[in-house]
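In my numbering, the protein residues as written are 20 to 147.
And the structure:
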């Protein structure tokens, strides 16, 4: 089942569609005037380098030429992978015309909030 999450900060809106695939997770993150595929971030859980008793993740990314969507995709996939201890692929494409540094900060904050919404939903006990 696909779950959809959407958050906005003023005129900036991000949407995430999350699909559980067996024990893995696929997340499509879009936003702005022209949603597209700009990057694919793959995160794999592993013991933390700082504290092997904790779970972290390693992320590999493919960017389409000229795209910087990986900043959002990497952040979301790494967080979800570490907390859920599962493989996560985040495909991301956000295009907001004339965005400046303040707008980019807002997008990143929304990305963090989206990850937390997804986590809260996936960690809920199963309804019977």
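Cβ atoms here follow ideal geometry from the backbone N, Cα and C, with glycine treated the same way. Computed from a prediction, not measured in an experiment: that's the story for all the values here.
When the distance is taken between beta carbons, is residue 60 closer than 8 Å to residue 78? Here residue 78 is taken as the residue at index 59 of the chain shown, counted from 1. Here residue 60 is taken as the residue at index 41 of the chain shown, counted from 1. It is a contact, given that the beta carbons lie within the stated cut-off.
Between which two residues does the alpha helix (DSSP H) containing residue 127 stretch? Position 108 of the chain shown holds residue 127. Residue 127 -> alpha helix (DSSP H) spans 120-141.
Could you give the C-beta distance for residue 99 and residue 46, rounded to a whole number, given that I count them as a contact under 8 Å? Taking the first residue of the chain shown as position 1, residue 99 is located at position 80. Taking the first residue of the chain shown as position 1, residue 46 is located at position 27. The pair is a contact, with the Cβ atoms about 7 Å apart (cut-off 8 Å).
Is the CB-CB distance between residue 35 and residue 137 below 8 Å? Taking the first residue of the chain shown as position 1, residue 35 is located at position 16. Taking the first residue of the chain shown as position 1, residue 137 is located at position 118. The answer is yes: Cβ separation under 8 Å.
Taking 8 Å as the cut-off, decide whether the C-beta atoms of residue 52 and residue 116 are in contact. Mapped onto the chain shown, residue 52 falls at position 33. Mapped onto the chain shown, residue 116 falls at position 97. Contact: yes.
Could you have a look at residue 50 and say whether DSSP puts it in helix, strand or coil? Here residue 50 is taken as the residue at index 31 of the chain shown, counted from 1. In the three-state DSSP reduction, residue 50 falls in the strand class (E or B).
Please go through the region 52-115 and give each complete alpha helix (DSSP H) segment of 4 or more residues, from N-terminal end onward. Secondary structure remark: continuous alpha helix (DSSP H) runs of at least 4 residues inside the region 52-115, in chain order: 89-103.
Report yes if the CB atom of residue 83 is closer than 8 Å to the CB atom of residue 56, and no otherwise. Locating residue 83 in the chain shown gives position 64, where the first residue counts as 1. Locating residue 56 in the chain shown gives position 37, where the first residue counts as 1. Residue 56 sits close to residue 83, with the two beta carbons spaced by under 8 Å.
Taking the C-alpha atoms as reference points, what is the distance between residue 22 and residue 37? Residue numbering aside, residue 22 sits at position 3 when the chain shown is read from its first letter. Residue numbering aside, residue 37 sits at position 18 when the chain shown is read from its first letter. Rounded to whole angstroms, residue 22 to residue 37 spans 5 Å at the Cα level.
By the 10 Å Cβ neighbour count, where 16 or more other Cβ atoms means buried, how is residue 68 classified, buried or exposed? The residue labelled residue 68 in the question sits at position 49 within the chain shown. By the neighbour-count rule (16 or more Cβ atoms within 10 Å), residue 68 is not buried but exposed.
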